[in-house]
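Using this note's numbering, the letters of the sequence shown correspond one by one to residues 475 to 957.
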Amino acid sequence: MALPTLRIIGFIIGIFLITLACGMLLPILTLVIYGRINEIDSFIWAGTITLCAGLALVLPGRPEHVHLRPRDMYMLTTASWLVVCVFAALPLNFLQDLSYTDAFFETMSGITTTGSTVVSGLDRASPGVLMWRSMLHWLGGIGFIGMAVAILPLLRVGGMRLFQTESSDWSEKVMPRSHMVAKYIVGIYIGFTLLGILAFHMAGMNWFDAINHSMSAISTGGFSTSDASLGKFSESSHWVAVVLMLLGGLPFTLYVATLRGDRMALFKDHQVHGFLLMLAVVCLLFSVWLWMSSKHDYLDALRLVTVNVVSVVTTTGLVVSDYSLWGGFAVMVFFYLTFVGGCSGSTSGGLKIFRFQIAYVLLKANLNQLIHPRAVIKQQYNGYPLDEEIVRSILTFSFFYTITIGVIALGLSMLGLDLITALSGAATAVCNVGVGLGPIIGPAGNFAPLPDAAKWMLSIGMLLGRLEIITVLVLLTPAFWKH
Numbered sequence: 475m476a477l478p479t480l481r482i483i484g485f486i487i488g489i490f491l492i493t494l495a496c497g498m499l500l501p502i503l504t505l506v507i508y509g510r511i512n513e514i515d516s517f518i519w520a521g522t523i524t525l526c527a528g529l530a531l532v533l534p535g536r537p538e539h540v541h542l543r544p545r546d547m548y549m550l551t552t553a554s555w556l557v558v559c560v561f562a563a564l565p566l567n568f569l570q571d572l573s574y575t576d577a578f579f580e581t582m583s584g585i586t587t588t589g590s591t592v593v594s595g596l597d598r599a600s601p602g603v604l605m606w607r608s609m610l611h612w613l614g615g616i617g618f619i620g621m622a623v624a625i626l627p628l629l630r631v632g633g634m635r636l637f638q639t640e641s642s643d644w645s646e647k648v649m650p651r652s653h654m655v656a657k658y659i660v661g662i663y664i665g666f667t668l669l670g671i672l673a674f675h676m677a678g679m680n681w682f683d684a685i686n687h688s689m690s691a692i693s694t695g696g697f698s699t700s701d702a703s704l705g706k707f708s709e710s711s712h713w714v715a716v717v718l719m720l721l722g723g724l725p726f727t728l729y730v731a732t733l734r735g736d737r738m739a740l741f742k743d744h745q746v747h748g749f750l751l752m753l754a755v756v757c758l759l760f761s762v763w764l765w766m767s768s769k770h771d772y773l774d775a776l777r778l779v780t781v782n783v784v785s786v787v788t789t790t791g792l793v794v795s796d797y798s799l800w801g802g803f804a805v806m807v808f809f810y811l812t813f814v815g816g817c818s819g820s821t822s823g824g825l826k827i828f829r830f831q832i833a834y835v836l837l838k839a840n841l842n843q844l845i846h847p848r849a850v851i852k853q854q855y856n857g858y859p860l861d862e863e864i865v866r867s868i869l870t871f872s873f874f875y876t877i878t879i880g881v882i883a884l885g886l887s888m889l890g891l892d893l894i895t896a897l898s899g900a901a902t903a904v905c906n907v908g909v910g911l912g913p914i915i916g917p918a919g920n921f922a923p924l925p926d927a928a929k930w931m932l933s934i935g936m937l938l939g940r941l942e943i944i945t946v947l948v949l950l951t952p953a954f955w956k957h
């Protein structure tokens, strides 16, 4: 890779680090408000180190007449997330008295909006640390939306070209320039966060808990201010969380289209239809099963099921009860739901609902082809033809997504972890859900007991899953590094 290209990549990463350093002002302000002055030094030192590193990359300037090619974006995307995590872990390492392995794991979980945690005693934890964890979620969520809308489609990753900003139907009619789309998305994201804070406060949370949970829910992250997660708070706050998680799991580009005049943008999108219909069916049927097999009344069962199902499907990870105690059937259902994910262009992770819908379109077309061998079968999704490139990218992505989970699970089992912990840990990391299964990493546990090697494996899994696998794997090919 040429030196001018590396300078541009370094310049952009430097801007990210400066932004990260400025973001540390919020937990500092939080500590001042709570009178924890003795804890400010950790954030000041971490912010200073991060700011200096960012300035060192920015001050040489941006090379003129040099532009990033699509292949260069693979390096920028992966390097920026890694470097940001390296520096964002510093406050946790300094203040929370975590090892750097634990601090990096917590930070990677935050930035990728996974929600897996190694921190216990959250009810007594430093308010600065709690605010910083939630901020990592919030920044990671808006960062992934920008990447999903502007970068991944250009790189032909996993069929996401179907949602390419410059070619999709709504953007041609509404606003064809990506930077304008980004401004609207940031405004909507901030607006949802503020509305969430107000709604959580009206539901009984204090302002601090409301701010943290709003940032966590809209980013579909999962960090909470209590070890009991949402279980500590009122039932009305559970429904507020459901609404915010759903808003975070829908395509933000369609919110932009709606604001710009296309009032039916959300309602006519096939991906949104499939996502909401799947959630409605699962929640209704699952709640009936819980009602009939437990002592809960139906409304209580519906609330418990809806919060947990929406949380897992949108890859948020906030929980209201330990659903592993509901029995083997419930555990298996939640394990399957771990892989689904939300919509493309949302803050959620997972395989994304559109890939399941396209798989159904392809299956239906193949069955019809067997029945009518000479027929010309049209394959379309959401009004777009499914050409060979899109089908190939989806098949490639889905295959390596599954292989990645299998390899990480195998590695975890080699470290001595049991089958449930290894398999669910690998799945929850790559799918960015945050909550595993079993007594160790299940809804009532956390990832602190795992060995350091396991935490590094899971950190890699979180990054791979968040960046859609192929974006990272391409860097491992010899052809990428040839001039």
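All C-beta atoms in this analysis are idealised placements derived from N, C-alpha and C, irrespective of residue type, glycine included.
Quick one: what's residue i bridged to in DSSP?
i	result
residue 859	854
Under 8 Å by Cβ, that's how I've got residue i and residue j pegged, so tell me the actual separation to the nearest angstrom.
i	j	result
residue 613	residue 698	Not really, about 18 Å apart at Cβ, beyond 8 Å.
residue 659	residue 730	6 Å
residue 491	residue 558	7 Å
residue 500	residue 514	About 12 Å; that fails the 8 Å criterion.
residue 925	residue 889	6 Å
residue 687	residue 715	7 Å
residue 671	residue 684	5 Å
residue 929	residue 587	That pair is no contact at about 18 Å.
residue 488	residue 532	4 Å
residue 516	residue 565	6 Å
Which one of the options has the shortest CA to CA distance from residue i?
i	options	result
residue 724	696, 710, 753, 703	753
residue 611	783, 766, 534, 789	789
residue 617	823, 899, 927	823
residue 946	849, 507, 553	553
residue 909	875, 836, 706, 784	784
residue 544	876, 744, 479, 762	479
residue 958	907, 912, 743, 779	One cannot answer for residue 958 here, as it falls past the ends of the chain, which runs 475 to 957.
residue 941	904, 928, 921, 579	904
residue 882	862, 868, 927	927
residue 848	839, 782, 854	839
residue 796	503, 483, 918	918
residue 835	578, 952, 861, 815	861
residue 792	816, 719, 599	719
residue 827	858, 602, 872, 589	872
residue 485	951, 850, 528	528
residue 663	726, 887, 765, 818	726
residue 530	780, 845, 483, 915	483
residue 742	920, 571, 855, 523	855
residue 535	876, 519, 778, 481	481
residue 817	722, 759, 765	722
residue 713	693, 777, 944, 762	777
residue 865	876, 837, 846	837
residue 591	886, 572, 787	572
residue 695	879, 678, 667	667
residue 974	765, 814, 603, 774	Residue 974 cannot be examined here, being either before or after the span of the chain that is shown, 475 to 957.
From what residue to what residue does the alpha helix (DSSP H) around residue i run?
i	result
residue 496	477 to 497
residue 723	709 to 723
residue 741	Counting along the chain, residue 741 falls outside any alpha helix (DSSP H), and DSSP gives it neither H nor E.
residue 774	772 to 787
residue 559	544 to 562
residue 842	827 to 845
residue 915	912 to 915
residue 697	Taken as a continuous stretch (DSSP letters only), residue 697 belongs to no alpha helix (DSSP H), as it is neither H nor E.
residue 706	Unbroken run through residue 706: none, as it is neither H nor E.
residue 803	802 to 811
residue 521	514 to 532
residue 921	Careful: residue 921 lies outside any alpha helix (DSSP H) and carries neither H nor E.
residue 933	926 to 940
residue 897	893 to 904
residue 945	944 to 947
residue 952	952 to 955
residue 797	Where residue 797 is concerned, there is no enclosing alpha helix (DSSP H), given that its DSSP letter is neither H nor E.
residue 584	574 to 585
residue 474	The structure shown does not extend to residue 474, since the chain is modelled only from 475 to 957, so the question has no answer here.
residue 731	726 to 733
Regarding residue i and the ligand SAH, is the C-beta to nearest heavy atom distance less than 6 Å?
i	result
residue 498	This structure lacks the ligand SAH, and indeed carries no ligand of any kind.
*Do the segment 578 to 587 and the segment 933 to 951 touch if we need at least three Cβ pairs shorter than 8 Å?*
Yes: the two stretches touch, three or more of their Cβ pairs being nearer than 8 Å.
*Touching or not, the segment 733 to 750 and the segment 790 to 810, by the rule of three or more beta carbon pairs under 8 Å?*
Fewer than three Cβ pairs drawn from the segment 733 to 750 and the segment 790 to 810 lie within less than 8 Å of each other, which leaves the two stretches out of contact.
_If contact is defined by three or more beta carbon pairs under 8 Å, each pair taking one atom from either stretch, is the segment 804 to 813 in contact with the segment 704 to 711?_
No contact exists between the segment 704 to 711 and the segment 804 to 813.
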